[in-house]
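Trainee: Provided herewith is a single structure, encoded as structure tokens, for subsequent inquiry.
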Amino acid sequence: MKTPDKEPALQAPILPCTLVVETLNAGGTVKKSTTYKQIKLILGRNEFRDLILRLDSPKHSLKFPLRDFVLHKRFLKEGKATISLKDVNLNLMIANAPPNQLLVFMKTLAGKHAVTGVNGGVINARKRLLSTVPKSFEEISPLTFNEYETVRKNGGKMPLKERAANVPDASPVSSKRKRDSKDASGSSTPKVPRFLNPLVLTSEQKRVLQVVQSGLNVFFTGSAGTGKSFLLKRIVGALPPDVTFVTASTGVAACQIGGTTLHAFAGIGSGKASIDQCIQLASRRVIAQQWKKCKHLIVDEVSMVDGDFFTKLEAVGRAVRGNDKPFGGIQLILCGDFLQLPPVTRPGEKRVFCFQTNAWDRCINLSMELTDVRRQDDQEFIDILQSIRLGRCKEEMVERLKQTEKNTVERDGIKATRLCTHREDVNHINQEHLKKLAGDNQVFQAVDSDPGLSSLLDSQTPVVAKLTLKVGAQVMLMKNLDVGQGLVNGARGVVTGFKMGKEGNPIVRFLCGVTTEIKHEKWTVKGSGGIYLHRRQLPLKLAWAFSIHKSQGMTLDCAEMSLSRVFEAGQAYVALSRARNLKSIRVLDFGPECVRAHPDVLKFYQGLRRARYEEQQTHDIEISTERKATTLVY
Ligand SMILES: Nc1ncnc2c1ncn2[C@@H]1O[C@H](COP(=O)(O)OP(=O)(O)O)[C@@H](O)[C@H]1O
Ligand SMILES: *[C@@H]1O[C@H](CO)[C@@H](O)[C@H](O)[C@H]1NC(C)=O
Ligand SMILES: [Mg+2]
Numbered sequence: 007m008k009t010p011d012k013e014p015a016l017q018a019p020i021l022p023c024t025l026v027v028e029t030l031n032a033g034g035t036v037k038k039s040t041t042y043k044q045i046k047l048i049l050g051r052n053e054f055r056d057l058i059l060r061l062d063s064p065k066h067s068l069k070f071p072l073r074d075f076v077l078h079k080r081f082l083k084e085g086k087a088t089i090s091l092k093d094v095n096l097n098l099m100i101a102n103a104p105p106n107q108l109l110v111f112m113k114t115l116a117g118k119h120a121v122t123g124v125n126g127g128v129i130n131a132r133k134r135l136l137s138t139v140p141k142s143f144e145e146i147s148p149l150t151f152n153e154y155e156t157v158r159k160n161g162g163k164m165p166l167k168e169r170a171a172n173v174p175d176a177s178p179v180s181s182k183r184k185r186d187s188k189d190a191s192g193s194s195t196p197k198v199p200r201f202l203n204p205l206v207l208t209s210e211q212k213r214v215l216q217v218v219q220s221g222l223n224v225f226f227t228g229s230a231g232t233g234k235s236f237l238l239k240r241i242v243g244a245l246p247p248d249v250t251f252v253t254a255s256t257g258v259a260a261c262q263i264g265g266t267t268l269h270a271f272a273g274i275g276s277g278k279a280s281i282d283q284c285i286q287l288a289s290r291r292v293i294a295q296q297w298k299k300c301k302h303l304i305v306d307e308v309s310m311v312d313g314d315f316f317t318k319l320e321a322v323g324r325a326v327r328g329n330d331k332p333f334g335g336i337q338l339i340l341c342g343d344f345l346q347l348p349p350v351t352r353p354g355e356k357r358v359f360c361f362q363t364n365a366w367d368r369c370i371n372l373s374m375e376l377t378d379v380r381r382q383d384d385q386e387f388i389d390i391l392q393s394i395r396l397g398r399c400k401e402e403m404v405e406r407l408k409q410t411e412k413n414t415v416e417r418d419g420i421k422a423t424r425l426c427t428h429r430e431d432v433n434h435i436n437q438e439h440l441k442k443l444a445g446d447n448q449v450f451q452a453v454d455s456d457p458g459l460s461s462l463l464d465s466q467t468p469v470v471a472k473l474t475l476k477v478g479a480q481v482m483l484m485k486n487l488d489v490g491q492g493l494v495n496g497a498r499g500v501v502t503g504f505k506m507g508k509e510g511n512p513i514v515r516f517l518c519g520v521t522t523e524i525k526h527e528k529w530t531v532k533g534s535g536g537i538y539l540h541r542r543q544l545p546l547k548l549a550w551a552f553s554i555h556k557s558q559g560m561t562l563d564c565a566e567m568s569l570s571r572v573f574e575a576g577q578a579y580v581a582l583s584r585a586r587n588l589k590s591i592r593v594l595d596f597g598p599e600c601v602r603a604h605p606d607v608l609k610f611y612q613g614l615r616r617a618r619y620e621e622q623q624t625h626d627i628e629i630s631t632e633r634k635a636t637t638l639v640y
């Protein structure tokens, strides 16, 4: 059996944060406000089993009894929440808390309160006065499933939407998730209380998280679908939001982890200017503020970041922050797979990967590799993909892929998405198919918070400013709407009609079996200087065709591809690895010549493997064996 992915359940109810305590007068206006920075909040009980919130810091220790209170939790994802203590007229305002920890903390608080009941339940005032029990404070145990259920029944539940948003990318493979959670809880009739834990990391993912929390500059890699982005979201949740900047090399990839592009963060334009000019650009007030504030910089899909750009960023970091350490002392958390797509270069330009720069060598303390493939569940397919990733394709593998040409991946009028090697084909194919459909165009215009910045929103959100649909249009969902039902990023469907009325929202039938009205959703991106920009649009994109470049990082329901015009190392691998199994793809023309891995990258990975091998000789590292990618010898 798989080594159980045991998390410290809902971790100990201790929360690092800033706390503002507001004292209110009877009318509800603020009389006094005190700020406590860099403190810990601990949830516990006193000798009467009353719920107590304790503030701990080297200088202070305060206790707040939680009897009659209201929780305000609209901004959990930004690390903020407020607890209003009605009986003592206090507002406790929490800020700068790691969002995941805050979520768990608030759930625990609500849960424990619900099961205790108001007024601590049992012990009356007289008994309290006469009590001889010594004063005590005991940390509270994590929330159990039963307690969690009680909270839900009492109406003290977390909105479902919030939960979904906080379950990183919660796997579209819902059956897999179910299996995992059963694994974690052991048998089906648990004797010990089951702890609520929506986020289960594999042991190798956990190790990366620990290393990140130790403050090292980390690069972690692994083949497609090993949960790199999934883990990144967990990492984001474990870091204080105000000093953590979440980025990716492309807009689509950034959206998957709720961040912006690395370019938008850097503020040095395309980065083609000289280092001095770049430093000047980044010294503009709002941009420099951002650079100075940043303590942790996260970059997903780092393989597509140009090496020269990386070198410039590192120099800019030092200059703008006035700190000689690499990157000006910012902790780097980089992730990606260099055997997927390389940086985009113009014809004639020399390609430099990030890992080939001096900056990289100076910054990165530790490189780690995830090996447990999570996207695919079909071992034959995993083996083929692993081989193709390394630029090899045996004859029988070519044959197996060619067989998929006969697959029928269409179902219920939902056609396979054609993955294109060339971007310009995508728009063309989509428009041609749309034109051929009978019926009227329905146009959905995005509403942007700042129409002057629409082109920025075009590049930073996965949805277009103007979406044209018709009945019969093939569409792809661009947001996780309901993970449990399979309405996730990349889910495929077809428009079956439009609602009557002013908005005329489309009705979409999805491959997962759900037919539903699709409503506007909101995307928020952090513009330069920390201002927030919004776009409201339907979370849909035309899906007869999609570019391989843009698909990197996604999981796709059904796809077909013609790989004869592959022009990049890693391109065929990226296209194929979007699918979950061999049944959901159709490979139209394929030969061993489509498969290419960049020799420099292979050498880099050999080095990583060697380093890991040597490490294994000294430490005895446990490796999980189930569903593990075949380890290939280079
Ligand atoms: N520990 C995990 N438990 C359950 N599902 C996971 C886990 N890690 C990853 N996944 C799922 O595997 C799929 C691939 O993960 P993703 O982060 O997109 O991989 P990568 O970024 O490495 O290509 C996603 O659907 C994700 O939800
Ligand atoms: C990690 O790298 C940074 C940047 O080069 C360096 O300052 C730091 O000392 C390194 N830490 C360790 C533990 O090696
Ligand atoms: Mg990813």
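In the working numbering, the protein residues as written are 7 to 640.
Note that CB positions come from ideal geometry on N, CA and C, so glycine has one too.
Because the structure is a prediction, the values reported are computed rather than measured.
1) Out of Glu566, Cys360 and Lys46, which one is the CA nearest neighbour of Gln107?
2) Looking at the structure shown, is Lys184 part of a helix, part of a strand, or coil, going by DSSP?
3) Span of the beta strand (DSSP E) holding Phe387?
4) For His78, report the span of its beta strand (DSSP E) as first-last.
5) What is the DSSP secondary structure of Leu21, counted as helix, strand or coil?
6) What are the start and end residues of the alpha helix (DSSP H) that includes Ser465?
7) Once you ignore the five residues that flank Leu462 on each side, which residues in its own chain have a CB closer than 8 Å to its CB?
8) For Gln622, which of helix, strand or coil comes out of DSSP?
9) Kindly list the residues whose CB is nearer than 7 Å to the CB of Ala422, restricted to its own chain and excluding five residues on each side of it in sequence; keep chain order.
10) Is the beta carbon of Gly597 sitting closer than 9 Å to the one on Ser309?
11) Is DSSP giving Thr317 helix, strand or coil here?
12) When you compare only the Cα positions, how much space is there between Cys300 and Lys113?
13) Are there any heavy atoms of ligand 1 lying less than 8 Å away from the beta-carbon of Asp563, as far as the coordinates show?
14) Could you give the C-beta distance for Gln721 and Ser235, rounded to a whole number, given that I count them as a contact under 8 Å?
15) Just to confirm, does Ala5 get its C-beta within under 8 Å of one of the non-hydrogen atoms of ligand 1?
16) Please classify Asp367: does DSSP put it in a helix, a strand, or coil?
17) From which residue to which residue does the alpha helix (DSSP H) around Met99 run?
18) Counting only the same chain and skipping the five closest in sequence on each side, list residues whose C-beta sits under 7 Å from that of Ser460.
19) Leu82 and Glu28 - do their beta-carbons sit closer together than 9 Å?
20) Can you name, in chain order, every residue of its own chain whose Cβ lies under 6 Å from the Cβ of Trp550, other than the five neighbours on each side?
21) Go through its chain and collect everything with a Cβ distance to Leu72's Cβ below 6 Å, but skip five positions before and after it.
22) Kindly list the residues whose CB is nearer than 6 Å to the CB of Lys69, restricted to its own chain and excluding five residues on each side of it in sequence; keep chain order.
23) Can you check which of these residues, Asp446, Val36, Ala32 and Ile20, is closest to Val26 by C-alpha distance?
24) Could you tell me if the beta carbon of Cys360 falls within a distance shorter than 8 Å of some heavy atom in ligand 5?
25) In terms of residue numbering, what span does the beta strand (DSSP E) encompassing Cys564 cover?
26) Do Lys485 and Pro512 have their C-beta atoms within less than 9 Å of each other?
27) Give a yes or no on whether the C-beta atoms belonging to Phe552 and Arg381 are separated by under 9 Å.
28) Is the beta carbon of Asp306 within less than 8 Å of some heavy atom of ligand 3?
29) If you run the structure through DSSP and keep just helix, strand and coil, what is Met506?
30) Measuring alpha carbon to alpha carbon, tell me which residue in Ala120, Phe143, Glu307 and Ala87 is nearest Glu53.
31) Given a cut-off of 9 Å, decide if Gly419 and Arg357 are closer than it, judged by their beta-carbon atoms.
32) Taking the alpha-carbon positions, what's the Gly445 to Leu548 distance?
33) Kindly examine ligand 2 and report whether one of its heavy atoms sits closer than 8 Å to the Cβ of Phe368.
34) With 16 other CB atoms within 10 Å as the buried threshold, where does Asn495 fall?
35) For Pro22 and Ala103, which I take to be in contact (beta-carbon distance under 8 Å), what is that distance rounded to the nearest angstrom?
36) By how many angstroms is the C-alpha of Val76 removed from the C-alpha of Thr267?
Mentor: In short, the structure shows the following:
1) Here the closest residue by C-alpha is Lys46.
2) In this prediction, Lys184 scores a pLDDT of 36, lower than 50, which makes its location untrustworthy; no coordinate-derived value is stated.
3) Element bounds for Phe387: not the beta strand (DSSP E) but the alpha helix (DSSP H), Gln385 to Arg395.
4) Start and end: Phe75 to His78.
5) Look at Leu21 here: in three-state DSSP terms it is strand.
6) That run of the alpha helix (DSSP H) goes Ser460 to Gln466.
7) Here the set comprises Ala270, Val531, Gly533 and Leu539.
8) Correct three-state label for Gln622: helix.
9) Closer than 7 Å at Cβ, skipping near neighbours: Val415, Glu416, Cys564, Ala565, Glu566 and Arg592.
10) For Gly597 and Ser309, no; Cβs fall outside 9 Å.
11) Three-state result, Thr317: helix.
12) Whole-angstrom Cα-Cα distance: 29 Å.
13) Incorrect: Asp563 has no Cβ contact closer than 8 Å to ligand 1.
14) Coverage of the chain is limited to positions 7 through 640, which leaves residue 721 absent and any answer about it impossible.
15) Beyond the ends of the chain as shown, which are 7 and 640, falls residue 5; an answer cannot be given.
16) Three-state result, Asp367: helix.
17) Following the DSSP letters along the chain, one finds Met99 in no alpha helix (DSSP H) but inside the beta strand (DSSP E) bounded by residues Leu96 to Ala101.
18) Once the five neighbours on either side are set aside, the close Cβ partners of Ser460 are Asp454 and Ala471.
19) Cβ atoms of Glu28 and Leu82: not closer than 9 Å.
20) Its chain contains Ile435, Asn436, His439 and Gln480 as the residues whose beta carbon lies nearer than 6 Å to that of Trp550, once the 5 sequence neighbours on both sides are disregarded; these appear in chain order.
21) Hits under 6 Å: Leu57 and Leu59.
22) In chain order, Ile58 and Arg60 place their CB closer than 6 Å to the CB of Lys69, counting only its own chain and leaving out the 5 sequence neighbours on each side.
23) When only C-alpha atoms are compared, the closest one is Val36.
24) Among the ligands present in this structure, namely ligand 1, ligand 2 and ligand 3, ligand 5 is not found.
25) No beta strand (DSSP E) holds Cys564; DSSP gives it neither H nor E.
26) For Lys485 and Pro512, no; Cβs fall outside 9 Å.
27) No, these two residues do not count as a Cβ contact at 9 Å.
28) True, at least one ligand heavy atom lies under 8 Å from that Cβ.
29) Looking at Met506 - three-state DSSP - the assignment turns out to be coil, as it is neither helix nor strand.
30) Looking at the Cα atoms, Phe143 is the closest of the given residues.
31) Contact: no.
32) The alpha-carbon separation between Gly445 and Leu548 amounts to approximately 16 Å.
33) It is worth fixing the name first, because residue 368 is Arg in this sequence and not Phe. For ligand 2, at least one heavy atom lies less than 8 Å from the Cβ of Arg368.
34) Here Asn495 is buried, its C-beta having at least 16 other C-beta atoms within 10 Å.
35) Yes, Pro22 and Ala103 are in contact; Cβ-Cβ is about 7 Å, under 8 Å.
36) Taking the straight line from one Cα to the other gives about 37 Å.
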